[in-house]
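Trainee:
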Amino acid sequence: MHSSSFSSAPPDHRRFTMSSRRSRSRHSASSRITDEQMNELISKLQTLLPEARLHTNDRPVTNANAAKVLQEICSYIRSLHREVDNLSERLSELLETTDNNSAQAAIIRSLLM
Amino acid sequence: MSKTALRPSPKKWHTDREQNIYSSKLIETLRRIRRSSPKAEDLRRSRVVREAADRILAVAGRGRTRWSRAILFSRNLKIKHSRPRKAVYFPAQPKKRRRSQVLKCKAGVLGRLVPGCRKLSFPTLLEEASDYIAALQMQVRAMASLTAILSASGGFSSPDPDRFAP
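Residue numbers (the working numbering), protein chains in the order written: chain R, 171 to 283; chain S, 14 to 179.
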């Protein structure tokens, strides 16, 4: 499995016809998506960002800030990963020190509420 | 090409029901971990917890998304394969790069962050990413809430006479 590489287009006989030369992009996969579609898709992702990160991105996604929003999304995923790591660590520590029965009772109570 | 029957639905990650199911399964697994390796090193146990949390999250995905399938299948590979990484090229003046190139670069980064999504088309990648983010958010909520409950009850741990019963 090699890393994603948009620059290597799949072999496609259509690339050598006159009509395909008109498309600006050499990458056959991306030329099917318009800028508008791309911005719309990125907008949808933008709605998942929490409030704190939205202040830099409260404007609608345009060609100008699409890359910024994508970057923000990547950074957000990384921070979520870190949070899960931290919580895993804390949970594993708590596993050792927690009194089993009282913990069980507390958990069951909270899940039933 | 579109698999409408298998389209992921990010909305379910926001429901209490899904979160409770996740929490229950996680607790069950945590108890099993605690029983099986009481003297495990902190680092190793933390990793076991993380992997269990991810696996349970992937199972909750019901196999509808690539990221969830990728997590489940990657557990079969015990060895973490490290492939030689391409040297990343940072041009001296990044602003001069074409916008399409910049977007592709960022999309590539996103593809590497979401499990199993390295070589996807842009729309599919964003669809996977949005489901993945929603799932991660639920995972964080569930684990944070569990941590809060356990640390609260752990703080008041009083010796339970039944524990020492034969």
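Idealized CB from N, CA, C, for every residue including glycine.
To the nearest angstrom, how far is the alpha carbon of S171(S) from that of T267(R)?
Mentor: Low local confidence applies: a pLDDT of 42 at S171(S) is under 50, so the model's placement there is unreliable, with the coordinate-based value given in what follows. Cα to Cα, S171(S) sits roughly 12 Å from T267(R).
Trainee: Looking only at its own chain, which residues have a Cβ that is under 6 Å from the Cβ of V239(R), when we skip the five neighbours before and after it?
Mentor: I212, Q216, N227, V231
Trainee: Here's the rule: buried if 16 or more other CB atoms are within 10 angstroms of the residue's CB, otherwise exposed. What is S258(R)?
Mentor: buried
Trainee: By DSSP, does P220(R) sit in helix, in strand, or in coil?
Mentor: Look at P220(R) here: in three-state DSSP terms it is coil, with no helix or strand label.
Trainee: How should L264(R) be labelled, buried or exposed, when 16 other C-beta atoms within 10 angstroms of its C-beta is the threshold for buried?
Mentor: Result: buried.
Trainee: Given a threshold of 16 other Cβ atoms within 10 Å of its Cβ, counted over all protein chains shown, does A178(S) qualify as buried or as exposed?
Mentor: The predicted position of A178(S) is uncertain, since its pLDDT is 45 and thus under 50; no value can be drawn from it.
Trainee: Report the residue from I243(R), S280(R), S249(R) whose alpha carbon sits nearest the alpha carbon of L219(R).
Mentor: Relative to the Cα of L219(R), the nearest Cα in the group I243(R), S280(R), S249(R) belongs to I243(R).
Trainee: From which residue to which residue does the alpha helix (DSSP H) around S87(S) run?
Mentor: 79-87
Trainee: Tell me which residues share the same chain as A236(R) and place their Cβ nearer than 8 Å to its Cβ, disregarding the 5 neighbours each side in the sequence.
Mentor: Annotation for A236(R): M208, N209, I212 place their beta carbon closer than 8 Å to its own, counting only its chain and skipping 5 residues before and after.
Trainee: Can you find a C-beta in chain R that's less than 9 Å from the C-beta of K24(S)?
Mentor: no
Trainee: At a CB-CB cut-off below 8 Å, which residues of chain S make contact with A314(R)?
Mentor: Examination of residue 314(R) is not possible in this model, given that chain R is present from 171 through 283 alone.
Trainee: If L261(R) sits next to V153(S), beta carbons under 8 Å apart, how far is it from one beta carbon to the other, in whole angstroms?
Mentor: Contact flag wrong, Cβ pair sits at about 12 Å.
Trainee: Give me the chain R residues within the contact set of V72(S), using Cβ-Cβ distance strictly less than 8 Å, ordered along the chain.
Mentor: Residues of chain R passing the Cβ test: none, with the nearest at roughly 16 Å.
Trainee: Secondary structure at T28(S), three-state DSSP: helix, strand or coil?
Mentor: coil
Trainee: Starting from the beta carbon of S143(S), find every residue of chain R whose beta carbon is closer than 8 Å, and list them in chain order.
Mentor: Under the 8 Å cutoff, chain R gives K214, L215, L218.
Trainee: If you count every other CB in all the chains shown that lies within 10 Å of the CB of T78(S), and 16 or more means buried, which is it?
Mentor: Residue environment: T78(S) is assigned as buried (16 or more neighbouring CB atoms within 10 Å of its CB, all protein chains considered).
Trainee: Out of curiosity, what's the CA-to-CA distance linking V115(S) and A66(S)?
Mentor: If you take the alpha carbons of V115(S) and A66(S), they lie about 34 Å apart.
Trainee: Helix, strand or coil, according to DSSP, for L281(R) in the structure here?
Mentor: helix
Trainee: Quick one: list the residues of chain S neighbouring R248(R), beta-carbon separation under 9 Å, in chain order.
Mentor: Result: L126.
Trainee: Any beta-carbon of chain S closer than 9 Å to the one on E266(R)?
Mentor: yes
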